[in-house]
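Going by the UniProt record's numbering, the first residue of the sequence shown is number 1, and it counts up by one from there.
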Amino acid sequence: MSVSKEFVENSVVHAEIPLVSFVRLSNCSLSKSQVLNQVLNNAEQHHDFFSHREMIGGSALRLIANGMVEICWNLPCGNNSIDVFPEAVAIANLRGDACTFETQVRFLAKVSAALFVFLDSVEEKEQRLFASLQGIKSKLFLEVKSSIEAVIDTLQLDRDHIIKKSQKVNLASFAKSINSSIKTVLSGTYESFTIDSMKETAQELGLAVDEIQRKASVSAEEMAEKILKTIGVRQITDYKKTQLPLQGKNWKILAKIEKEQCRLRNSGENSLEEYKVQLQKEIDEIWNKQSQYKMTTTMEIFTDALLSSDDTERAFFLKWMGLKMDMQSRKHMSNLRQKYIECEQKKDRDALARLDQELLDSSLGVEHYMREMGQIYMAASFGSSKISDKIRNLPTLAAKLLLAGFPLELLDGDASNLPEKWVSNVLMELHSMVGGKSRVLVITVLGVQGSGKSTLLNTMFGVQFAVSSGRCTRGAYMILIPVGEDLKEELLCDFVLLIDTEGLKSPALAQLEESYEHDNELTTFVIGLSDLTIINIAMENSTEMKDVLQIAVHAFLRMKEVGKKTVCYFVHQNVGGVSANTKNLTERKKLLGQLNEMTVIAAGMEKKPNIKKFTDVLDYDVEKNNWYIPGLWHGTPPMAPVNTGYSVAVLDIKKTLFEILRTRKNEQPSQIPEFLQWMSSLWKAVKFENFIFSFRNSLVAHAYENLCKEFSDWEWSFRRHTVFCL
Numbered sequence: 001m002s003v004s005k006e007f008v009e010n011s012v013v014h015a016e017i018p019l020v021s022f023v024r025l026s027n028c029s030l031s032k033s034q035v036l037n038q039v040l041n042n043a044e045q046h047h048d049f050f051s052h053r054e055m056i057g058g059s060a061l062r063l064i065a066n067g068m069v070e071i072c073w074n075l076p077c078g079n080n081s082i083d084v085f086p087e088a089v090a091i092a093n094l095r096g097d098a099c100t101f102e103t104q105v106r107f108l109a110k111v112s113a114a115l116f117v118f119l120d121s122v123e124e125k126e127q128r129l130f131a132s133l134q135g136i137k138s139k140l141f142l143e144v145k146s147s148i149e150a151v152i153d154t155l156q157l158d159r160d161h162i163i164k165k166s167q168k169v170n171l172a173s174f175a176k177s178i179n180s181s182i183k184t185v186l187s188g189t190y191e192s193f194t195i196d197s198m199k200e201t202a203q204e205l206g207l208a209v210d211e212i213q214r215k216a217s218v219s220a221e222e223m224a225e226k227i228l229k230t231i232g233v234r235q236i237t238d239y240k241k242t243q244l245p246l247q248g249k250n251w252k253i254l255a256k257i258e259k260e261q262c263r264l265r266n267s268g269e270n271s272l273e274e275y276k277v278q279l280q281k282e283i284d285e286i287w288n289k290q291s292q293y294k295m296t297t298t299m300e301i302f303t304d305a306l307l308s309s310d311d312t313e314r315a316f317f318l319k320w321m322g323l324k325m326d327m328q329s330r331k332h333m334s335n336l337r338q339k340y341i342e343c344e345q346k347k348d349r350d351a352l353a354r355l356d357q358e359l360l361d362s363s364l365g366v367e368h369y370m371r372e373m374g375q376i377y378m379a380a381s382f383g384s385s386k387i388s389d390k391i392r393n394l395p396t397l398a399a400k401l402l403l404a405g406f407p408l409e410l411l412d413g414d415a416s417n418l419p420e421k422w423v424s425n426v427l428m429e430l431h432s433m434v435g436g437k438s439r440v441l442v443i444t445v446l447g448v449q450g451s452g453k454s455t456l457l458n459t460m461f462g463v464q465f466a467v468s469s470g471r472c473t474r475g476a477y478m479i480l481i482p483v484g485e486d487l488k489e490e491l492l493c494d495f496v497l498l499i500d501t502e503g504l505k506s507p508a509l510a511q512l513e514e515s516y517e518h519d520n521e522l523t524t525f526v527i528g529l530s531d532l533t534i535i536n537i538a539m540e541n542s543t544e545m546k547d548v549l550q551i552a553v554h555a556f557l558r559m560k561e562v563g564k565k566t567v568c569y570f571v572h573q574n575v576g577g578v579s580a581n582t583k584n585l586t587e588r589k590k591l592l593g594q595l596n597e598m599t600v601i602a603a604g605m606e607k608k609p610n611i612k613k614f615t616d617v618l619d620y621d622v623e624k625n626n627w628y629i630p631g632l633w634h635g636t637p638p639m640a641p642v643n644t645g646y647s648v649a650v651l652d653i654k655k656t657l658f659e660i661l662r663t664r665k666n667e668q669p670s671q672i673p674e675f676l677q678w679m680s681s682l683w684k685a686v687k688f689e690n691f692i693f694s695f696r697n698s699l700v701a702h703a704y705e706n707l708c709k710e711f712s713d714w715e716w717s718f719r720r721h722t723v724f725c726l
């Protein structure tokens, strides 16, 4: 939080946060780490930030910990009854005897706003260390026993810089004294550093800095910095138009024309055949324009960096890119969000809609460069012109990245379009790389924005889908997880393909044109691809998620190409208590009853009277296919620890899912070629759907259909009366 009580989002490496360091001299009777935990906790919630000797496993033999400096951050939430400190503070904790690690102590003394020293006695080596710290008396604090107070007097420190611990003073009171001293430091003048700038001090003292010493990291950062320089002071929207042009206006227009080519909604007075020819001509013209593209400076640097590096350097490069792009996006996003707040206060709906679009357009991350790479390949593949070796190798490069654990964009959410040729060629390259052993089990998670679906997948499978970044990206992404040899025969697959979708029913996107259509197409497409779908529902937004499911059910009924039945699991988040499953039985049955009702309505509209219930469309058991998990945080963020109950519940879900998948011997996962064939037919079906996607849910669609029938009857009656009168 800033001084003006506004929330500030920044990289912890580049933020100037005061550092307060703690060290101990020799063997101290008082556990420094235990005291620190007491200092950092408020009365309402306790968490052990640092391990100490009174914890289980805390007395284990140290092999590598001595000399290590641990760091944690204490961040305020704006509530005085909860906040330990009024502003952000970094706490450093040196493990082991400070007398043995003088270099680390000198480093901490230089970069800290205050240095707290725990000691029981002052002997020769302690005096020698204190002599080396004479220059920083103003920020030196001592935590001592009352018995050595006389010796401490010789150090000539201010009395308020000596915190005494007698037998009459308990741990809580002692921690409170330290807390008061830290607040005094923060209220005065002090020098603060960013972690990034601390590496210079570390080098001066002879400490090794990994990211500087590793050549792969240094060269990768230089390449990422080159790309950052191409942005300069330009607005992100202008930068994307000039440096990442293929994913812009033409690609979005192409997506709409391709859907119109299937749906034929706006033919007007033209015959359908003439209209189809006209649309195909427009598509060819756009691809001709795209194929005239010459690679921009930015994309030359980006593709060269990926193609010319080894696996290690490539991984460093993408991580550096991600960090730097996040930082760049935050600068632009913070200004736009401030404007958004002002427009909300004025209730200016038009301005809010413009800002919503601008927020989306100002998003910039590694995924945009990867998306452009795919567009370059598709544009070059159009027509008869020869493709350069560099462009021909792009699918192989993307396949290597997918195998290395980096996500690949499956559905471009900004354009609501599938880059089918790109995705297909990347996955076919991967199929070749693994020698044709590419059976994939597809697991998808769907959820309303902010329901915690990416966190759920990350916790369950140890992957790194983006969570809570400064950007607002749309679409669906996939990550490939190799299956161990011991599980391949049990699960009958070689890879688990995870699909994570961006949040549905986003308030930011609700203002935008065709937001319902976007959500509904995305939902239908990813459920259709999946062997197993996890519907992630936070209890506060279950109604909105139900709307999306109704649309998906209706869409499946209308698509003749869709022929498989997905297993469906509901994960209800933020539900605590050991009896949650029993207590919510009524709610589950109520939800299923409502879904059955919607299914019957949808089936009636589609003239499929044999479809009577939700489970006729999706594989779902009300008793077995519902899971309840507690909230992620134990207390009030940002200082709330992760709730261990959340992790345990997610692990239980994972075990159960795989047990169920083991028993499905009659439904073997498909190889990548079959998966791609299925993906193509499913996307074709989505493009042909021209009715239900535009509505919020089946009830609205049903009401619209009834209205159309009524209107048709009125029109016929009117015409009849007109003829009769004439």
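By construction, the Cβ of each residue, glycine as well, lies at the ideal position given by its N, Cα and C atoms.
Query                                                                                                      : Result
Assigned secondary structure, F116 (DSSP; H/G/I helix, E/B strand, else coil)                              : strand
Whole-Å CB distance - V448 paired with G503, under 8 angstroms assumed                                     : 6 angstroms
Span of the beta strand (DSSP E), counted from its first residue to its last, around S388                  : Segment: none, S388 is in no beta strand (DSSP E) and carries neither H nor E.
Run of the beta strand (DSSP E) containing W627, from where it starts to where it stops                    : N626 to Y628
First and last residue of the uninterrupted beta strand (DSSP E) at H14                                    : That residue, H14, is in no beta strand (DSSP E); it is neither H nor E in DSSP.
Expected contact under 8 angstroms - CB spacing of E367 and E409 to nearest Å                              : 6 angstroms
Element boundaries [beta strand (DSSP E), containing residue 728]                                          : Nothing can be reported for residue 728: it is not among the residues displayed for the chain, which extend from 1 to 726.
Integer-rounded CB distance, given that N74 should sit under 8 angstroms from V89                          : 5 angstroms
Residues that DSSP places opposite C72 in a beta bridge                                                    : I91
Inside the stretch 335 to 377 only - alpha helix (DSSP H) runs reaching at least 4 residues                : 349 to 361
Paired residues, beta bridge with Q573 - DSSP                                                              : A538
Range covered by the alpha helix (DSSP H) that runs through E689                                           : Run containing E689: none; DSSP gives neither H nor E here.
Cβ-based neighbour list, W714, same chain, cut-off 6 angstroms, excluding 5 preceding and 5 following      : none
E597 in three-state terms, based on DSSP                                                                   : helix
Beta-carbon proximity of S334 to I236, cut-off 9 angstroms                                                 : no
Per-residue DSSP class, three states only, for C99                                                         : helix
Which of helix, strand or coil DSSP assigns to H476                                                        : According to the sequence displayed, residue 476 carries Ala and not His. A476: strand per DSSP, three-state reduction.
Local conformation of L394 per DSSP, three classes                                                         : helix
Beta-carbon proximity check, K145 vs K165, cutoff 9 angstroms                                              : yes
Neighbourhood of A351 by C-beta, 6 angstroms cutoff - its chain only, sequence neighbours within 5 removed : C343
T566 - containing alpha helix (DSSP H), residue span                                                       : Neither: T566 is in no alpha helix (DSSP H) and is coded neither H nor E.
Coarse secondary structure for I611, derived from DSSP in three states                                     : coil
The stretch 258 to 271 / the stretch 319 to 334 touching (three or more Cβ pairs under 8 angstroms)        : no
Among Y628, D311 and I286, the one whose alpha carbon lies nearest that of E258                            : I286
Contact check, E16 vs T194, beta carbons under 9 angstroms                                                 : yes
Every unbroken beta strand (DSSP E) inside the stretch 159 to 189 [3 residues or more]                     : 162 to 165
Sub-9 angstroms separation of F118 and I182 beta-carbons                                                   : no
Pair within 9 angstroms by beta-carbon distance, E313 and S680                                             : no
Test item: CB-CB of G374 and V423 under 9 angstroms                                                        : yes
Buried/exposed call for V8, threshold 16 Cβ in 10 Å                                                        : exposed
Residue closest to S197, alpha-carbon to alpha-carbon, out of V209, R392, Y190 and I653                    : V209
Three-state secondary structure assigned by DSSP to R128                                                   : helix
Inter-residue Cα distance where the pair is Q261 and K281                                                  : 11 angstroms
Span separating the alpha-carbon of E489 from that of Q464                                                 : 27 angstroms
Sequence-distant residues of its chain with Cβ nearer than 7 angstroms to P638 (five each side left out)   : L75 and C77
For D412 and R371, believed in contact at Cβ under 8 angstroms, the rounded distance                       : 6 angstroms
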